[in-house]
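Taken in order, these protein sequences are the chains called F and Z. Using the numbering used here, you'd call the opening residue of the first sequence number 672 and step up by one each time. Using the numbering used here, you'd call the opening residue of the second sequence number 198 and step up by one each time. Here a beta-carbon is modelled for each residue, glycine too, at the ideal position from N, C-alpha and C.
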Amino acid sequence: MSEATAGRPSRLLVGPFNRVEGDLEVRLDIADGQVIAARVVAPLYRGFEQMLQGRDPFDALVYVPRVCGICSVSQSVAAARALAAVMEVSPPPNGELATNLVLAAENVADHLTHFYLFFMPDFAREVYRDQPWYPAARERFRAIDGSAAGDALPARAEFLHLMGLLAGKWPHSLALQPGGTTRSVEVQEKARMLAILFSFRRFLERRLFGDTLENLVALDSAAALAGWRDRQPPAGGGDLRHFLRIADALGLDRLGRATDRFVSYGAYPVNQRPLFAQGVWADGPSPLDPGAIAEDLSHAWMAHRQTPKHPFDGVTLPDAAAEHGYSWCKAPRLAGQVVEVGALARQVVDGHPLIRELVGQGGGNVRNRVLARLLEVALTVIAMEQWVRALRPKEPFCAQGRMPDDGQGCGLVEAARGSLGHWLTVKRGRILNYQIVAPTTWNFSPRDSRGTPGALEQALTGAPLRPGEHNPVAVQHIVRSFDPCMVCTVH
Amino acid sequence: MTDRQAPVNLLWLQSGGCGGCSMSLLCAEGPDLLTALHSAGIRLLWHPSLSEAGDRDLLDLLQSILDGDTRLDLLCLEGAVVQGPNGSGLFHRMAGSDRPMRDWIKDLAGRAGQVIAVGSCAAYGGITAGGGNPAEACGLQFDGDEAGGLLGAGFRGRGGQPVVNIAGCPTHPNWVIETLVQVALGDLGADQVDELGRPRSYADHLVHHGCPRNEYYEFKASAEKPSDLGCMMEHLGCLGTQAHADCNTRLWNGEGSCLRGGYACINCTAPRFEEPGHCFSQTPKVAGIPIGLPTDMPKAWFVALASLSKAATPARLRENATLDHIRVSPGNKARNKGGGNGGGR
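Pasting the structure below:
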């Protein structure tokens, strides 16, 4: 075996990670200048699933947004949908549109935060100082004092005025209810929202894309993308072109490949038809069976770990001494298999031609994940403009219903980082069981009972180390390409 | 920034929370967060969402603070202190180290000029301490409404002050920025915080102040279900008349607040708000009267005034209160009553 001749692998402990949401540690086995195995550790446990047991079902609307300050609305929408399933109530058209707008505002803001604050600053690291592209990357993307943060923060804050109008505030709103939203919109507020969206569109077109949203989403092949990247408009090429050039120079399309099996629960229903389709993609489409989801506890610090359980039957009892445990994170699997979720998964499942081709060429990788996120920003903002126009003031935003004493329901939603599900059982008017499987639970899961590593663990295998690196920059890129949210992961 | 003065060094750590106070802080406007910090000479030693450095560079920074080589002026903690399981602190181990986060926080607090709890979790335990408190969470200097917490009631920072509790779930960006700037300017004296450690700049107000539903409140025209326009105190659990904060005079995300968003205030700046003892969205009552009355209001007066104002409720408010949009507009006396309103045309 080659490992035997290469000497004993060394261990590397990477963490604390910053510019990810929450706490993260990665344990690496290194040999021959590359990662040969990775273990992803979620080091914080709070216990939301335990807290919710025994409470009034509606209390979930107060508790679950506080699972996560960056995916707060996604958590609320998942809870509202789980409650709605138990109550057998569905929102009126305005409620559906307003929920889409609030969720889209969070998801788009999160994509922007990820790109400008979390992901791009790694290209301004000293380790790249000899690269020809470094001075421009440093000026634009350096953490805290780069020019991009100064542009993006005000644009993000103004865009989130949509939350002030539609949800009272962000994060942690109670506007999202099983029957719709609590905040009806008047005709003058439609005008205001369109103005906010126009202002944000202008930021995107001038700073991020250097082109119209429509031109960007029309890119339908790798060749079209390459041609677009190399056209430098006189007013400035924008930050996406900047990223694509760095990605080319560093080969980010060959870094961080995971399982290439992608899942999306489907996003943003209008008249119950989603803007982005639900499904599974693995070299081809197949339907999603939520009944095939099960959480494996074999490598989690959890008790009651005999066999993987569907979330309706899930148990959360932490055990810091559990044998083989190395993370507070459970390992969700779909029909026993590891999957990747997120914007790339959503767009490949939905069938965007550019993303389908890029995934066909190089699978899930650092470049494709970041590109899909930004493409999705453009697709979503175009849809948001249409949703605002479709709102009908003076018509209802919230249907009313009754909570039965007993029932069961699940709420599935696409958060910025991917597929989020809540599974709720109500008994005698109280929450009997509440289980949450978050996007990063999928992506950053530990090994399962068959020893199969989770998506990030697979993506890190093969990552190169530069000489003397104790904080390998390739590992940083791969980890952040998933835009992890660790507070959601374990909750 | 005043260039001649030494920068004020700020370290921001997170533990048992959701990161939502940081996310809210990034919504700061007029000016944005980075400009506001710069204006007060505050230098970010490290913030988990903003800084470039991580991994060993961060651990080295923390060590140099503990060794006294780097001066720590402001220590902000976001999220509760996690003590479980069984007091071990292992529910939150600092990544890259073998130590519970709790121990890092305690040691660093001993080096800080001023310790600041950002959000109700860091202040009192907050939502992380709810539902039986499986994580054994507490605040920095409070456990719920009892003084103590991780650091103990007697703790004082190098500057001589106890922990400042910028309570809220989440915090308004300007509550945080203004408190940081006040500390940096030396303007946050002991008389500037209330008995729960909250800055009086916002805690001397009630959420009720500036509530757009005040007219419904005055006439006891109540909302009955989500999305109704009426006052949410009588039926939907609103605690705005008791909650210490200026949410309806200092708005959120441009033009918002919980009440403006159509849902009840849950008193998130208070210790133990996470366990109200009843469903958050329903008002508990005895003999039809809400148990929680407005702060400082004698019960007999409240009951008398409520029944009087209920008898005087204009039809406009009675009707609009249970609708999701205004159906009955305010009357125009000059037009409706011709010359009989004393004004004349």
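Listed along chain F, the residues sitting closer than 7 Å to I324/Z by beta-carbon distance are Y734, R737.
DSSP places L788/F in the helix class (H, G or I) of the three-state scheme. For H235/Z, the enclosing alpha helix (DSSP H) begins and ends at 230-236.
Contact with chain Z is absent for Q943/F, since none of that chain's Cβ atoms lies less than 8 Å from the residue's Cβ. T930/F and A1126/F do touch by the CB rule: their CB atoms are close to 6 Å apart, below 8 Å. Between L230/Z and I374/Z, the C-beta gap is smaller than 8 Å, which places the two residues in contact. Note on M494/Z: under 16 other CB atoms within 10 angstroms of its CB, so exposed under the neighbour-count rule. At least 8 Å separates the CB of E375/Z from every CB of chain F. One Cα belongs to Y787/F, the other to F880/F, and the distance between them is close to 13 Å.
Taking a Cβ-Cβ cut-off of 8 Å, I262/Z has no neighbours in chain F, whose nearest Cβ is about 15 Å from it. For the pair of segments examined, the region 931-939 of chain F was found not to touch the region 893-911 of chain F: the number of CB pairs separated by less than 8 Å stays below three. By the neighbour-count definition (other C-beta atoms within 10 Å, threshold 16), F869/F is an exposed residue. Proximity of chain Z to F790/F at the Cβ level (cut-off 9 Å) is not reached, the minimal Cβ distance being about 12 Å. Within chain F, N689 have C-beta atoms less than 7 Å from the C-beta of P245/Z, given in sequence order.
Leaving aside the five residues that flank N771/F on each side, the residues in its chain whose CB is nearer than 6 Å to its CB run, in chain order, Y939, W1058.
Nearest in C-alpha terms to S1120/F, of all of T1111/F, K1001/F, E767/F, is K1001/F. Using a Cβ-Cβ cut-off of 8 Å, N1142/F counts as an interface residue toward chain Z, since at least one Cβ of chain Z sits closer than that to its own.
Between P1117/F and V711/F, the C-beta spacing is below 8 Å. Annotation: D727/F is outside any alpha helix (DSSP H) and is labelled neither H nor E by DSSP. For T853/F, the closest Cβ of chain Z is nearer than 8 Å. Listed by position along chain Z, the residues whose Cβ is nearer than 7 Å to that of F1068/F are S424, D521.
In its own chain, leaving out the 5 sequence neighbours on each side, no residue places its CB closer than 7 Å to the CB of C215/Z.
Fewer than three Cβ pairs drawn from the region 1084-1092 of chain F and the region 1059-1067 of chain F lie within less than 8 Å of each other, which leaves the two stretches out of contact. Using a Cβ-Cβ cut-off of 8 Å, A418/Z does not count as an interface residue toward chain F, since no Cβ of chain F sits closer than that to its own.
The shortest CA-to-CA distance from E885/F to any of Q949/F, V1048/F, Q977/F, K980/F is the one to V1048/F. Per DSSP, reduced to three states, the secondary structure at H289/Z is strand.
Per DSSP, the beta bridge partners of Q1008/F are L1005/F. Beta-bridge analysis with DSSP links G453/Z to W449/Z. Just measuring C-alpha positions, the residue of L347/Z, C224/Z, T368/Z sitting nearest A820/F is C224/Z. Beta-carbon to beta-carbon, G1092/F and G1082/F are separated by about 7 Å, close enough to satisfy the 8 Å threshold. Note on geometry: alpha-carbon atoms of D891/F and H244/Z lie some 39 Å from one another. Among the CB atoms of chain F, one or more fall inside 8 Å of the CB of C215/Z.
Fewer than three beta-carbon pairs drawn from the region 1131-1149 of chain F and the region 200-210 of chain Z are found closer than 8 Å, and the two stretches are therefore not classed as touching. Within 9 Å of the CB of M494/Z, no CB atom of chain F is found; the nearest one sits about 25 Å away. Taking a C-beta distance under 8 Å as the contact criterion, S221/Z and T376/Z do not qualify as a contact pair. When Cβ-Cβ separations below 8 Å define contact, G459/Z makes contact with chain F.
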